[in-house]
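For the sequence shown, position 40 (counting from the first letter as 1) is numbered 37 according to our numbering, and the numbering increases by one without interruption.
Just so it is clear, CB atoms sit at the ideal spot from N, CA and C, and this is done for glycine as well.
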Amino acid sequence: MSQRHRSLTAIAAVALALTLLAGCAPEPAPTTPSTPTQTSEPSTSPTESPSESPSESPTATASIPTDCNELGSEESRQEMVGDMTLQSDGQGFVRPAPEGATLQLGCDWIVGDATGLLVLISTAAPDAVTAAVAALPEEGYSCQVADDFGAQFCELPGSGPDTEEFVVARDDVWIYYAPVNRNGRAFLSDIASQIFG
-2 MSQRHRSLTA IAAVALALTL LAGCAPEPAP TTPSTPTQTS EPSTSPTESP SESPSESPTA
58 TASIPTDCNE LGSEESRQEM VGDMTLQSDG QGFVRPAPEG ATLQLGCDWI VGDATGLLVL
118 ISTAAPDAVT AAVAALPEEG YSCQVADDFG AQFCELPGSG PDTEEFVVAR DDVWIYYAPV
178 NRNGRAFLSD IASQIFG
């Protein structure tokens, strides 16, 4: 029986050795998960690059109305031009504008012989807008940055307190605004806030 016990012990030892060898064999398998971990690292770099590209090109989007009757708020529009008649779409007026400007919306309101409002909203390349703002002081305008809508605000005094000319410019948008014999600053502020947000 001792021989059988020895042979059983030997068989058990061989089985244990085989089990240990079998246990050692799967250890190379964890090296395969290590390779997917390495392949997952490149997958992080593509995810970073798309997130970088939108942040690299943040563009300020302006919202320019397509209708004169949609400019500003209803209240300020009625107060400013509610009794006026819309005469034209602003085509043909020669006013300060950036090089290469395209008129997007023109509104020419008038009532009586000497009261009215001209609004010309144009777009141009941002560098052309910047250059045009820089040239306005030579034409008598005084310019500063408006805190409420973050744009250049330029003013040219007229012959009376309500015959001023204004230019509001930011990014690729240029607003020319000229009230005659009526205080239109509230309406201009509403228009600028509507366009620049």
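* Alpha carbon to alpha carbon, how far is tryptophan 106 from leucine 117? -> The straight-line gap from Cα to Cα measures roughly 12 Å.
* Asked: Terminal residues of the continuous alpha helix (DSSP H) containing glutamate 76?
  -> Here the alpha helix (DSSP H) through glutamate 76 covers 71 to 78.
* Could you name the residues of the same chain whose beta carbon sits closer than 6 Å to that of alanine 129, not counting the 5 residues immediately before and after it, in chain order? => Result list for alanine 129: Pro95, in chain order.
* Please report the residue range of the beta strand (DSSP E) in which phenylalanine 100 lies. => One detail in the question is off: residue 100 reads as leucine in this sequence, not phenylalanine. Following the DSSP letters along the chain, one finds leucine 100 inside the beta strand (DSSP E) bounded by residues 99 to 108.
* To do: Just mark valine 78 as buried or exposed, buried being the case when its beta carbon has 16 or more other beta carbons within 10 Å.
  => Looking at its Cβ environment, which holds 16 or more other Cβ atoms inside 10 Å, valine 78 is buried.
* Asked: What do you get for valine 177, buried or exposed, if any count of 16 or more other CB atoms within 10 angstroms of its CB means buried?
  -> Buried.
* Asked: In or out: valine 202 buried (at least 16 other Cβ within 10 Å) or exposed?
  -> Here the chain has residues from -2 to 194 only, and residue 202 is not among them.
* Asked: So the alpha helix (DSSP H) leucine 185 belongs to, where does it begin and stop?
  -> Here the alpha helix (DSSP H) through leucine 185 covers 182 to 193.
* Asked: Out of curiosity, what's the CA-to-CA distance linking valine 164 and phenylalanine 150?
  -> Those two C-alpha atoms are separated by around 6 Å.
* To do: Decide if serine 119 is buried, meaning its Cβ has at least 16 other Cβ atoms within 10 Å, or exposed.
  => Label assigned to serine 119: buried.
* Delimiting residues of the alpha helix (DSSP H) encompassing alanine 129 -> Secondary structure note for alanine 129: its alpha helix (DSSP H) is the uninterrupted segment 123 to 132.
* Would you report the Cα separation of alanine 122 and alanine 132, rounded to the nearest angstrom? -> Spanning the two alpha carbons is a distance of roughly 16 Å.
* Asked: Between valine 126 and glutamate 76, what straight-line distance do the alpha-carbon atoms span, to the nearest angstrom?
  -> Distance between the alpha carbons of valine 126 and glutamate 76: 30 Å.
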